[in-house]
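Whatever position you read off the sequence shown (first residue = 1), add 791 for the working numbering.
Take a look at the structure set out below.
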Amino acid sequence: MTSFHSYQEATAREWLVGNGLGGYASSTLCGSNTRAYHGLLVAALQPPKDRWLLLSFLDEEIDGHHLASHQYPGAIYPQGYRYIKEFRQDPFPRICYEVGKARVEKTVFMIRGENTTIVRYRITGGEGRFSIVPLMHSRSFHAARPLPLLQQKRLAGGAMISSSERPDAPLMLLSDGPDFRAEERVYNNFEYEAERSRGLAWKEDLFSPGRFQMDLSGDEEFAIAASAWRSSMPDWRREMATERSRLEALMAPLPELSAAADSFLVRRGGSLSIIAGYHWFDDWGRDAMISLPGLLLSTGRTEEAAAVLRLFASAMKDGVLPNDLGAESYNTVDASLWFVRAVAAYFEQCGDMQLLEELWPALLAVYSRYSRAEEGFGADEDGLIFSGPALTWMDARVEGRPVTGRAGKCCEINALWYLALKDMNKLQKALGRGGSPGGAEFSRRARKVKASFRRFWNSETGCLYDVLDHEDASIRPNQIIAAGIEGLLPDVMRQSVLETVTRELLTPYGLRTLSPRDPRYAGWYEGGAASRDSAYHQGTVWPWLMGPYIDALISIKGRSKAVRSQARELLQPLLSLAAGTGTLPEVFDGSNPQRPGGCISQAWSVAEVLRAWKKIS
792 MTSFHSYQEA TAREWLVGNG LGGYASSTLC GSNTRAYHGL LVAALQPPKD RWLLLSFLDE
852 EIDGHHLASH QYPGAIYPQG YRYIKEFRQD PFPRICYEVG KARVEKTVFM IRGENTTIVR
912 YRITGGEGRF SIVPLMHSRS FHAARPLPLL QQKRLAGGAM ISSSERPDAP LMLLSDGPDF
972 RAEERVYNNF EYEAERSRGL AWKEDLFSPG RFQMDLSGDE EFAIAASAWR SSMPDWRREM
1032 ATERSRLEAL MAPLPELSAA ADSFLVRRGG SLSIIAGYHW FDDWGRDAMI SLPGLLLSTG
1092 RTEEAAAVLR LFASAMKDGV LPNDLGAESY NTVDASLWFV RAVAAYFEQC GDMQLLEELW
1152 PALLAVYSRY SRAEEGFGAD EDGLIFSGPA LTWMDARVEG RPVTGRAGKC CEINALWYLA
1212 LKDMNKLQKA LGRGGSPGGA EFSRRARKVK ASFRRFWNSE TGCLYDVLDH EDASIRPNQI
1272 IAAGIEGLLP DVMRQSVLET VTRELLTPYG LRTLSPRDPR YAGWYEGGAA SRDSAYHQGT
1332 VWPWLMGPYI DALISIKGRS KAVRSQAREL LQPLLSLAAG TGTLPEVFDG SNPQRPGGCI
1392 SQAWSVAEVL RAWKKIS
């Protein structure tokens, strides 16, 4: 990457490094924060939750030249992005500045399993004074707010800054190079442009406890450590080598996404979970189960996959997986069905009879709950699953009202129910179990669901109704999941669904959530919360849907070299994007210019691209 020509270009893309706890370091490519969520140390104080912004950024100056960039009212100052010659993620974010004869390399990484960020500096050809000014806050990462009362205490090699807001979460700033000098100061009116565009609080003051500085004499290499835990400088060279080796050893069908896949795997208590997306999501049942095959199975992390499955199975209530594990909310109809698919995918790969035995009661609980009609959802007399509004993945609400309610019998829910019954039949046979329910019951129900599923065919549109019993002919991507399941529909119908979805919904970055020909289509995901939520599933493109699309493509057209080549071409725009920042976002605009939006790093976006790539390799 060459020098940036404008501040907008320098801040258009973002990077993120995780610590395995839910904490992270994240900013734009030039290091200027455009979100309240950005920061060099966002600590997960109760992993993976209670994320707290401690260090916003470090402002560097070499021989009078400022390397930082910030947006203030009416001005971008300083304009250090002009000195940037290169940004790389290898595997850590690395920004290279050139100022005259001096070259400054700035590398950011986190110590695994710690709320500690290390910023390594390597300076060649430098002369004069080099200084680093830390700017900090102490607040929830969710929103800009006024500074609390901050007090600092001198430490060897730096300082500890305590907050009246969170005295249990001080910020330790340490260095093994420059000396620290206390110079307390408040800097006013930083502007976070991304938050302004989202209709959220977007101005903030930051506190600086002082500066690290040194006089350069030849080449230098040192680090600044920011920690919520450590009061002495770590052996950062060893920690950096350890983390680099760990990341480079990760297996992934696409190496450029291996670090991103790793970042979603986080500690929760004594187990492991999957964060749905950064910056703001927690570990959600639906997202975790859709993501698990791509994030963990396709990358060979079967032990971690087993741990995640155990955790979510333990949180199940009456056969229902939590929608939000941390909040213990159970308002989802599809999470448990994706759980069955994840268990089946795990067993297909590992043949782990012990885990299957352990999880079998949870699988039976899912079957039992979905087989009976109760409030919220359940099986109707025709064998199909009905559900109330906003219980599928299209669950956005505006002022409490569902935008895409989809109350009734949803096509992908019933396709997943059919697949769950087939999977349960196979898994019970693998266990060699009789008893109740027996394999014959799973097969009988599957046949009934298959027969009733034909009702979803809409001959007028040449594809599936999105919802039955309140017939909804909206052309949405949910039907592609059904098209990818062999045996559920005649091949001629599956082919027609694939053609319709390709024509109406396919984009370079995923599938639209609604056809542009629909009068309700919203082409741009932008504006305040109400505007964004109104567009969330009304045309906005989701990259994760590229996985089910390629499943259908391969299932219908076969695995010939030409078809697999076609599938790889479909993934290239997403891979080109991932090559720059090492991850993939949550959504894109449905219409040009198809800007990325939502979370900058989304678990199922990364997971489904990884899974699909492995499938076609």
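Beta carbons: idealized from backbone N, C-alpha and C, even for Gly.
Go through its chain and collect everything with a Cβ distance to residue i's Cβ below 8 Å, but skip five positions before and after it.
i	result
P961	M951, I952, S953, S954, A1019
H1261	A1198, G1199
W1027	I909, R911, D967, A1014, A1016
Please report the straight-line C-alpha distance between residue i and residue j, rounded to a whole angstrom.
i	j	result
L926	L1210	52 Å
L844	S1023	20 Å
W1411	L1302	As displayed, the chain neither begins before 792 nor continues past 1408, which places residue 1411 out of reach and without an answer.
S1178	N1269	15 Å
I1015	Q943	17 Å
R1059	E896	35 Å
E1232	L1280	21 Å
L1102	S1082	15 Å
M1005	Y872	23 Å
I1066	G919	45 Å
A1370	E1047	6 Å
S1159	L1147	18 Å
A1313	I1204	24 Å
G1001	P1339	52 Å
P1434	I1266	This structure gives no information on residue 1434, because the portion of the chain shown stretches from 792 to 1408.
G949	T1331	47 Å
L1207	L946	57 Å
A801	Y1069	20 Å
I1271	T819	35 Å
P1113	Q1219	24 Å
H933	L1366	29 Å
T1291	Y888	49 Å
I1228	P1334	Before going on, a small fix: residue 1228 reads as Pro here, not Ile. Their backbone Cα atoms lie some 38 Å apart in a straight line.
R1294	R1285	14 Å
W1395	P969	42 Å
N1249	F1168	24 Å
Considering only C-alpha positions, which residue in the set the options is nearest to residue i?
i	options	result
R885	R1192, L1368, T1372	T1372
G830	L846, K1406, E1277, D1026	L846
K1241	I867, L1218, E1277	E1277
Y1121	L946, G1253, V1111	V1111
T1123	A992, E1166, G1253, L1289	E1166
S929	V833, C1254, R972	V833
C821	T1304, Y815, W806, G814	W806
A1153	D1342, S1127, C1201	S1127
F1247	V1258, A1237, K1239, R1238	V1258
A803	A816, A1398, M901, A985	A985
R957	D1053, A835, M901	A835
Residues bridged to residue i by DSSP?
i	result
A1014	R911
I866	For the sequence presented, residue 866 should be read as Ala rather than Ile. Looking at the DSSP assignment, A866 forms a beta bridge with Y863.
M1107	Its beta-bridge partners do not exist; DSSP assigns none.
M1284	Note: M1284 sits in no beta bridge, so no partner.
L1147	According to DSSP, which records beta bridges pairwise, L1147 is partnered with nothing at all.
I952	Q943, L962
V1134	Paired residue(s): none; V1134 is not in a bridge.
F900	I909
W1248	L1255
E1277	Paired residue(s): none; E1277 is not in a bridge.
Which residue marks the beginning of the beta strand (DSSP E) containing residue i, and which one marks its end?
i	result
E1190	Run containing E1190: none; DSSP gives neither H nor E here.
I1341	Where I1341 is concerned, there is no enclosing beta strand (DSSP E), although the alpha helix (DSSP H) it sits in stretches over 1337-1348.
D773	Past the edges of the chain, shown from 792 to 1408, lies residue 773, and the structure says nothing about it.
G1301	1301-1303
D970	970-982
K876	875-880
R1058	1056-1059
S1008	994-1008
Y1121	From DSSP, Y1121 is part of no beta strand (DSSP E); its letter is neither H nor E.
Q799	Looking at the DSSP string, Q799 is not in any beta strand (DSSP E); the run it does join, the alpha helix (DSSP H), is 798-801.
Using a threshold of 8 Å, is the CB atom of residue i nearer than that to any non-hydrogen atom of the ligand PLP?
i	result
H857	Looking at this structure, you won't find the ligand PLP or any other ligand, since it has none at all.
Can you give me the start and stop residues for the alpha helix (DSSP H) that residue i sits inside?
i	result
F1233	1230-1244
L1401	1394-1407
G1356	Just to set this straight, residue 1356 is Ser in the shown sequence, not Gly. Looking at the DSSP string, the run of the alpha helix (DSSP H) that includes S1356 is 1352-1372.
W1208	1202-1222
R1077	1076-1083
T1033	1027-1040
Grab me the residues of residue i's own chain with a C-beta within less than 7 Å of its C-beta, minus the 5 sequence neighbours each way, in chain order.
i	result
Y868	H861
R1163	G1169, A1170
Looking only at its chain, what residues have a beta carbon closer than 6 Å to the beta carbon of residue i, apart from the 5 residues adjacent to it on each side?
i	result
S1049	L1041, A1043
Y828	F932, H1070
I1391	E805, P1376
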